[in-house]
Amino acid sequence: MSTKPHSSNNIAHARRTVQQLRIEASIERIKVQCSNKPVSKASADLMNYCSEHARNDPLLMGIPASDNPFKDKKPCTIL
Amino acid sequence: MRSPLIPEMATQEVQLNETLAHLKTESETLKSKLEEERAKLHDVELHQVAEKVEGLGQFVMKTRRTLKGHGNKVLCMDWCKDKRRIVSSSQDGKVIVWDAFTTNKEHAVTMPCTWVMACAYAPSGCAVACGGLDNKCSVYPLSLDKNENLAAKKKSVAMHTNYLSACSFTNSDMQILTSSGDGTCALWDVESGQLLQSFHGHAADVLCLDLAPSETGNTFVSGGCDKKANVWDMRSGQCIQSFETHESDINSVRYYPSGDAFASGSDDATCRLYDLRADREVAIYSKESIIFGVSSVDFSLSGRLLFGGYNDYTINVWDVLKGTRVSILFGHENRVSTLRVSPDGTAFCTGSWDHTLRIWA
Chain A
1 MSTKPHSSNN IAHARRTVQQ LRIEASIERI KVQCSNKPVS KASADLMNYC SEHARNDPLL
61 MGIPASDNPF KDKKPCTIL
Chain B
1 MRSPLIPEMA TQEVQLNETL AHLKTESETL KSKLEEERAK LHDVELHQVA EKVEGLGQFV
61 MKTRRTLKGH GNKVLCMDWC KDKRRIVSSS QDGKVIVWDA FTTNKEHAVT MPCTWVMACA
121 YAPSGCAVAC GGLDNKCSVY PLSLDKNENL AAKKKSVAMH TNYLSACSFT NSDMQILTSS
181 GDGTCALWDV ESGQLLQSFH GHAADVLCLD LAPSETGNTF VSGGCDKKAN VWDMRSGQCI
241 QSFETHESDI NSVRYYPSGD AFASGSDDAT CRLYDLRADR EVAIYSKESI IFGVSSVDFS
301 LSGRLLFGGY NDYTINVWDV LKGTRVSILF GHENRVSTLR VSPDGTAFCT GSWDHTLRIW
361 A
């Protein structure tokens, strides 16, 4: 008599766990099917991006004070 | 009297346990197969590939502006798209909008709570969002009339069940993405305050988030106290990738400009770079002498430099490709709590527990 609610709890818990594992298994399957890039190729992409955009990177290249509004030498006037 | 249903339930239970055992085995098998495949692709480290890249010279970066006005620790800041305005928020409950060129304060709002941990500028430049211990994210339209009381037009948008740790507008003023101490992230409609999508998966407080550059599609990355960095699909709410290599809380995450990778900063005193297509960590930025946590990270425009604000009051500048530190900057008199590079990459701003913000170039 007292085992009846206990059994149904077990079943409900087991069902949830089964559901969770099914979701996990489907995610894992997708991951295995997806072709990941080897680190060498992925790194090459990062390097290429850096070199392509390097000359437009003010903090990297350093730009003259005249071009950088934060580097202006004129004193700020407080109005 | 025995219930006639018990034998049936017993059979069901046995069947479920069998399915359970079967699925557990399948799950374990798939996980190890996945690890095998991933290991095959880990053919080399980023800094090895970058050996042939020219090294960087000396960097001279100095404080060019100091923004004074907060009465307590500065917790967060964000740049306006106009590359000159900045919004900052503080432990004292104040949110200030500054003109970084002149250091003038243009607006100030007093929030009803202290510890305003998050603030963000709207893409239009016409509003700011902020929140913290009030568990909310509120939007304040910025008035051209300096005398107008901004608090009157305040709009409550997001409601979490714990503190707001970070917020960001998406590509328009219409939607806001939030992260919270309640372990979730959420996407909200600003006009109606409606919850559009929620993101569950972190096992503890979520501390930071960053939206992917618009060209790369609808994803964002979040970092949390569970040491995990998760990448999410904004439409479905699914976690599509997860990385767990940090040894402590992840305080900051930032996408690499191409959107193919992201950097993270953690209480474990390291910054790391994760490549999304290789699906793994590809670089770690650390030194034995650096023992204090990283609060905030951001990339220079080309992605070659990574700036990190640290709890030891310094800013370390890293060569992203080679993994070496190229500069260390001093100036703040307490923890650096927030750091962002300006939209056109000409400078970066830091906020600190020393109550000030500094612009570096």
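Chain order of the listed sequences is A and B.
The numbering of the first sequence is full-length UniProt numbering, which starts it at 1 and goes up by one.
The numbering of the second sequence is full-length UniProt numbering, which starts it at 1 and goes up by one.
C-beta atoms are modelled at their ideal positions from N, C-alpha and C, and glycine is treated no differently.
What you are looking at is a predicted structure, and each value in this text was computed from that prediction instead of being measured.
Assuming contact is defined by CB atoms lying nearer than 9 Å, are residue 311 (chain B) and residue 328 (chain B) in contact in what I supplied? Judged by their CB atoms, residue 311 (chain B) and residue 328 (chain B) are not nearer to each other than the 9 Å cut-off.
How would you list, in chain order, the residues of chain B whose beta-carbon sits under 7 Å from the beta-carbon of residue 15 (chain A)? 16, listed in chain order.
For a cutoff of 9 Å on Cβ pairs, would you count residue 123 (chain B) as touching chain A? Not closer than 9 Å to any Cβ of chain A, the Cβ of residue 123 (chain B) fails to qualify, so no.
At which residue ranges does the stretch 40 to 71 of chain A contain complete alpha helix (DSSP H) runs of 4 or more residues, listed in the order of the chain? 58 to 61, all fully within the stretch 40 to 71 of chain A.
Of all the CB atoms in chain A, is at least one closer than 9 Å to the CB of residue 37 (chain B)? When Cβ-Cβ separations below 9 Å define contact, residue 37 (chain B) makes contact with chain A.
Is the Cβ-Cβ distance between residue 301 (chain B) and residue 345 (chain B) less than 9 Å? The answer is yes: Cβ separation under 9 Å.
Return the chain-ordered list of same chain residues with a C-beta closer than 8 Å to the C-beta of residue 10 (chain A), the five sequence neighbours on each side being excluded. Cβ neighbours of residue 10 (chain A) beyond the five flanking positions: none.
Taking C-beta pairs closer than 7 Å, name the residues in chain A that residue 279 (chain B) reaches, listed in chain order. Annotation: Cβ neighbours of residue 279 (chain B) in chain A (cutoff 7 Å, chain order): 36.
Tell me the rounded alpha-carbon separation between residue 274 (chain B) and residue 263 (chain B). Residue 274 (chain B) and residue 263 (chain B) have their C-alpha atoms spaced approximately 6 Å apart.
Chain B contact for residue 66 (chain A) (CB, 9 Å cutoff): No, its Cβ sits nowhere closer than 9 Å to a Cβ of chain B.
With a CB to CB cut of under 8 Å and the five nearest residues on each side skipped, what residues in its chain are close to residue 198 (chain B)? Hits under 8 Å: 184, 185, 186, 187 and 237.
Boundaries of the beta strand (DSSP E) in which residue 273 (chain B) is found, first to last residue: Annotation for residue 273 (chain B): the continuous beta strand (DSSP E) segment containing it runs 271 to 275.
Residue 27 (chain B), DSSP secondary structure in three states: Three-state result, residue 27 (chain B): helix.
Hey, residue 118 (chain B) and residue 167 (chain B) are a contact pair by Cβ (cut 8 Å); roughly how many whole angstroms apart? Rounded, the Cβ-Cβ distance is 5 Å, consistent with contact.
Beta-carbon proximity check, residue 213 (chain B) vs residue 163 (chain B), cutoff 9 Å: If you check the CB distance, residue 213 (chain B) and residue 163 (chain B) do not come in under 9 Å.
Residues from the UniProt repeat "WD" (67 to 108) of chain B in contact with chain A, defined by Cβ distance under 9 Å: Those residues of the UniProt repeat "WD" (67 to 108) of chain B placed with their C-beta closer than 9 Å to a C-beta in chain A are 83, 84, 100, 101, 102, 103 and 104, ordered along the chain.
Let me confirm a value: residue 67 (chain A) is counted as buried when at least 16 other C-beta atoms fall within 10 Å, else exposed. Which label applies? That one is exposed.
What residues match up with residue 167 (chain B) in a beta bridge as DSSP calls it? DSSP lists B:178 as the bridge partner or partners of residue 167 (chain B).
Is the distance from the Cβ of residue 283 (chain B) to the Cβ of residue 47 (chain B) below 9 Å? Going by C-beta atoms, residue 283 (chain B) is nearer than 9 Å to residue 47 (chain B).
On the criterion of 16 or more Cβ atoms from any shown chain inside 10 Å, does residue 1 (chain A) qualify as buried, or is it exposed? Bear in mind that the predicted position of residue 1 (chain A) carries a pLDDT of just 40, short of 50, making it unreliable; the figure below should be weighed with that in mind. Exposed, by the Cβ-count rule.
Apart from the five residues just before and just after residue 125 (chain B), which ones in its own chain have a Cβ nearer than 8 Å to its Cβ? Result list for residue 125 (chain B): 80, 81, 82, 85 and 142, in chain order.
Counting only beta-carbon atoms, is residue 381 (chain B) nearer than 9 Å to chain A? No statement about residue 381 (chain B) is possible, as the shown extent of chain B runs from 1 to 361 and does not include it.
Would you be able to state if there are at least three C-beta pairs under 8 Å between the stretch 88 to 103 of chain B and the stretch 60 to 67 of chain B? Yes, the stretch 60 to 67 of chain B touches the stretch 88 to 103 of chain B.
Boundaries (first-last residue) of the alpha helix (DSSP H) holding residue 150 (chain B): Bounds of any alpha helix (DSSP H) do not take in residue 150 (chain B), whose DSSP letter is neither H nor E.
Tell me which residues share the same chain as residue 333 (chain B) and place their Cβ nearer than 7 Å to its Cβ, disregarding the 5 neighbours each side in the sequence. In the same chain as residue 333 (chain B), and ignoring 5 residues on each side of it, the C-beta atoms closer than 7 Å to its own belong to 313 and 354, in chain order.
Contact list for residue 10 (chain A) against chain B, beta-carbon separation under 8 Å: Simply 13.
Sequence ranges, beta strand (DSSP E) only - wholly within the stretch 318 to 357 of chain B, length at least 3: The qualifying runs are 325 to 329, 336 to 341 and 348 to 352.
Going along chain A, which residues have a C-beta under 8 Å from residue 257 (chain B)? Residues of chain A whose Cβ lies closer than 8 Å to the Cβ of residue 257 (chain B) are, in chain order, 49 and 53.
Closer than 9 Å at the beta carbon, the chain A residues around residue 45 (chain B): By Cβ distance, chain A contributes 39 and 43.
Bridge-paired residues (DSSP) for residue 281 (chain B): Answer is B:274.
Write down the C-beta distance between residue 138 (chain B) and residue 157 (chain B) rounded to the nearest angstrom, noting that I regard them as a contact closer than 8 Å. With 8 Å as the limit, residue 138 (chain B) and residue 157 (chain B) qualify as a contact, their Cβ atoms being about 6 Å apart.
I need the DSSP call for residue 17 (chain B), collapsed to helix, strand or coil. In the three-state scheme derived from DSSP, where H, G and I count as helix and E and B as strand, residue 17 (chain B) is classed as helix.
Residue range of the unbroken alpha helix (DSSP H) whose run includes residue 48 (chain B): First-last of the alpha helix (DSSP H) with residue 48 (chain B): 46 to 49.
So which of B:278, B:112 and B:10 has the shortest CA-CA distance to residue 34 (chain B)? B:278 is the residue among B:278, B:112 and B:10 whose C-alpha sits nearest the C-alpha of residue 34 (chain B).
Through-space distance from residue 129 (chain B) to residue 3 (chain A), alpha-carbon basis: Only weak support exists for where residue 3 (chain A) lies, its pLDDT of 46 falling under 50; the coordinates are left without a value.
With DSSP collapsed to three states, give me the class of residue 61 (chain B). Annotated three-state conformation of residue 61 (chain B) is coil, per DSSP.
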